[in-house]
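Colleague: I have a structure I would like to understand better, so I am pasting it below and will then ask my questions one at a time.
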Amino acid sequence: MTEKIEDTILGFYASFNVGETDSELIRSYLWSENGLKNKLNFLKWQDFGTDLKLILFEFYVRPIPDELKSIKPIGNYRRKEQSVGIPIILDDENFFGLKENERQLFFKNTILEKLESLTEKIKRNKLDTNISELKSQVEKTLNK
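And the structure:
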């Protein structure tokens, strides 16, 4: 059976500034064989409800101050795409200054916190999405 990429509920996007020296490092955390995308690829939107087909984690790598001002804690629910964007800031303080095991912990904790913050948006928009089950499965997977 072939898997359609569109079925995966969690997506990953990264925004880099020109000349960013750590772009390959971030790409490996997100899209390598052992990256977050591959680890969480088995989570299909159909298993969690009918209203939310994509939760896009938007990683902003060392954003400039003007860019930082315009980033909301969580994006609006896009009814047409049945999606929501969740920004995650990566900077020297919260990520690049950490050791490898601390970085892994940062990703796990941040993703779980962001999924928890999505709970309110799901309730407010009356979405058929079992976010607690999604969060539980993400936590189990990232604890391995």
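Positions in the sequence shown are counted from 1; adding 34 to them yields the numbering used here.
Note that CB positions come from ideal geometry on N, CA and C, so glycine has one too.
1. Looking only at C-alpha atoms, which of D100, N177 and I156 sits nearest to F82?
2. For the structure I just gave you, are there three or more beta carbon pairs, one from the stretch 168-175 and one from the stretch 107-123, closer than 8 Å?
3. Do K73 and T42 have their beta-carbon atoms positioned less than 8 Å apart in this structure?
4. Take the Cβ of I145 as the centre, count every other Cβ of all protein chains shown within 10 Å, and call the residue buried at 16 or more, exposed below.
5. Establish whether the CB of L44 and some CB of chain B are separated by less than 8 Å.
6. Determine the extent of the beta strand (DSSP E) in which I123 is found, giving its start and end residues.
Modeller: Reading off the structure:
1. I156
2. no
3. no
4. buried
5. Absent from the structure is chain B; it holds one protein chain and no more.
6. S117 to L124
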